[in-house]
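Single-structure report; data block below.
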Amino acid sequence: MSVLLRSFSTAAATAVAVSTFSSPSSSSALSVAALLISCRSLRSLEQIHARIIRKGLEQHPVIATRFLSFCAAFSAPAYASSAFDRLSAPNLIVWNALLAAHARHSPLPTTVALFNLLRRRCSLPPDAFTFPSLLSSCSHSVALSLGSSVHATILRCGLEADVFVRTALIDFYGKCRELRAARSLFDEMPKRNVVTWNAMIDGYVKSGDLVTARQIFDKMPERNAVSYTSLIDGYAKAGDLASARVLFEQLPERDVFSWSAMISGYAQNGQPGAALKIFLEMYNQNIKPDEFVVVGLMSACSQLGSLTLAKWVDLYVTRSSIDLSKAHVLAASIDMNSKCGNMERAASLFESMPNKDLISYCSLMQGYSLHGAGDKAMGLFRQMLEEGLMPDSITFTVVLAACSRAGLVEEGRQCFDLMTNEHLIVPSPDHYACMVDLLGRAGRLTEAYELIRSMPVEPHAGAWGALLGACRIHGDISLGETIARKLFEIEPTNAGNYVLLSNIYAVADRWADVSELRTLMRGKGIRKVPGFTWI
DNA sequence: ATAGGGTTAG
């Protein structure tokens, strides 16, 4: 009965609207309106648009509104504007639909300009449908002062009590970390819905107050997937995967957002195995992944370094409907293939990029470096400079590490000079560690020692460790002892340093020293880490 | 016709 009534009233509303603009035929308007509802892509929207024009229905307010909201759905704000500009007398509803299309997909200034145009051109003042879009645009840009002036306008229009407007305001203040403003608006609200509560949770999560976010979550009368996922995401970002997991297990209906929150949460916290397990659970439930899930999966796979897995993931993504040309998916894929040793694939993905960026260059260079092709890494570095890209501090870390692994002493030195003299980058402890490693491996132990002692910043254990490793390779006992003594001070419990010195003694047949060192270790309660060998 | 959730990578 209610369905019948509703469809009747929709038809009636259409008829009224049609009569106000004198349509050629109300039945064609109805059929086009029905066609619009079933529209599934931008291409089919374009076809329907042609039909709208052909049938003379372009000025029909209901058709125009529906058309504009489909432009919003397919992220086509420019298309919405071009159609809107041909309307002779758009009413407030049509204006609101245009504003919504832009609020979701255009930069804030464009949306604000449109709002000002609406105020000047539309015969009616903005209503409760106007402000939520405008505010959401302010929220996404975290434009506190602009949004506050919108709030003032809302008060002048007497619209602050509207649930949609008020929820949008709460969301806005929450996103701007103005939790006190959000809270006063929230506490004095007579009727809230689940979106209102979720806006508060999101605000507290974003400002890092997980305790209050949890209190809101526990207090709310009904929850949906968004309530859970916001909190899961907050816990995951704070590294509390245990709490995230408990909520995830409690969530009755998981959507792709909740799955990706867990997968990327584990991946980002260095638990690639757990990330993979969650993904497999999702996969076995035949849930379609999206690009966020896939990026998390690839990140986990990079950390595991398994070529077999990387090949499977690659094939899986190729067969899915995920757009591999999207920048972050591509970056994750290049990184995964590089780290897992599929350099051909990494290189071909890299070549497919129209605009190669610093990060993709670095991913590929690191891959070559890791797999013993330092010369290829250096070739890429030269190509990068020729392309006019500006290397940053991390780029040089990758490049210097590549030189060090490949024993390219001269190139490494040149790069260090290039970094400091031309790019004016202050060398970090990491850069020094690379240089010490580079010189040390090449047997220039004295030079390396001089470098480490002349560092203007405090060298970290990695630099000393690299030098101690070099002393072992080149059998320098006296320097080795000096460096080891330094390292025992900096990191007294790292067994690796004791093992290295012990190996130096062993190679020189100084077994008494080996034995003494072992006693020293036992005395300090240090146990050797599996994987290190005593000769 | 309107408000809510997610990867800054090397």
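Residues 1 to 535, numbered by full-length UniProt numbering, are exactly what the first sequence covers, in order. Ideal Cβ placement from N, Cα and C applies to all residues, glycine included.
Between Tyr505 and Leu517, the gap from beta carbon to beta carbon is short of 9 Å. Here Val426 carries a coil assignment [DSSP, helix/strand/coil]. Beyond the five residues adjoining it in sequence on each side, Ser338 comes within less than 7 Å, by CB distance, of Ala346, Ser363, Leu364, Gln366, Gly367 in the same chain, given in chain order.
By the beta-carbon neighbour count (other beta carbons within 10 angstroms, threshold 16), His151 is buried. Pairing Phe74 with Leu99 gives a Cβ-Cβ distance that is not under 9 Å. In this structure, Ala463 lies near Tyr432, with their beta-carbon atoms less than 9 Å apart. Scanning its chain for C-beta atoms nearer than 7 Å, with the 5 sequence neighbours on each side dropped, one finds around Ala238 the residues Leu210, in chain order.
Of all C-beta pairs linking the region 165-184 to the region 198-214, three or more are shorter than 8 Å, placing the two stretches in contact. Only residues of its own chain outside the window of five on either side were considered, and among them Ala33, Leu36 have a CB closer than 7 Å to the CB of Arg66, listed in chain order. For the alpha helix (DSSP H) assignment, the uninterrupted runs of no fewer than 4 residues enclosed by the region 295-377 are, from N- to C-terminal side, 307-319, 327-339, 343-351, 358-370.
By the 16-neighbour rule on beta-carbons within 10 angstroms, Val426 is exposed. Runs of the alpha helix (DSSP H) lying entirely within the region 439-475 and spanning at least 4 residues, in chain order: 445-453, 461-474. Within a 10 Å sphere around the beta-carbon of Pro354 sit fewer than 16 other beta-carbons, which makes this residue exposed. For secondary structure counted as the alpha helix (DSSP H) over 4 or more consecutive residues, the UniProt repeat "PPR" (193-227) holds these complete runs in sequence order: 194-206, 210-219.
Taking each of Ala242, Val195, Lys206, Tyr235 in turn and checking the Cα distance to Ala225, the smallest one comes out for Val195. Taken through DSSP and simplified to helix, strand or coil, Gly412 comes out as helix. Non-local C-beta neighbours of Ile452 in its own chain, meaning closer than 8 Å and more than five positions away in sequence, comprise Tyr432, Val436, Pro459, Ala463, Trp464, Leu467, ordered along the chain. Collapsing the DSSP output to three states places Pro61 in a helix.
With respect to Ala236, Gly265 sits close: the two C-beta atoms are nearer than 9 Å.
If you compare the alpha carbons of Arg40, Ser44, Leu68, Leu87 with that of Gly56, the shortest gap goes to Leu87. Out of Thr493, Val507, Ala508, the CA that lies nearest to the CA of Leu520 is found in Thr493. Note that the C-beta distance between Arg441 and Ser404 is below 9 Å.
Here the C-alpha atom of Gly305 lies approximately 30 Å from the C-alpha atom of Cys471. In the three-state reduction of the DSSP assignment, Pro190 falls in the coil class, being assigned neither a helical nor a strand state. Residue nearest to Val409 within the set Pro289, Asp375, Leu424, Leu380 is Asp375 (criterion: CA-CA distance). Rounded to whole angstroms, the separation of the alpha carbons of Val142 and Leu330 is 28 Å. If you draw a straight line from the Cα of Asp162 to the Cα of Gly388, it is about 53 Å long. Sequence-distant Cβ neighbours of Arg183 in its own chain, meaning closer than 8 Å and more than five residues away, are Met200. With 16 or more neighbouring CB atoms inside 10 Å of its own CB, Glu411 falls in the buried class. Per DSSP, Ala128 is not a residue of any alpha helix (DSSP H), being assigned neither H nor E. Of the candidates Ile154, Ala64, Ala373, Ala64 places its Cα closest to the Cα of Leu30. Taking C-alpha positions only, Pro109 is separated from Leu315 by approximately 42 Å. Closest by C-alpha distance to Ile473, out of Val112, Leu276, Glu281, Leu500, is Leu500.
Scanning Ser136, Met384, Cys39, Leu297 for the CA closest to the CA of Cys71 turns up Cys39.
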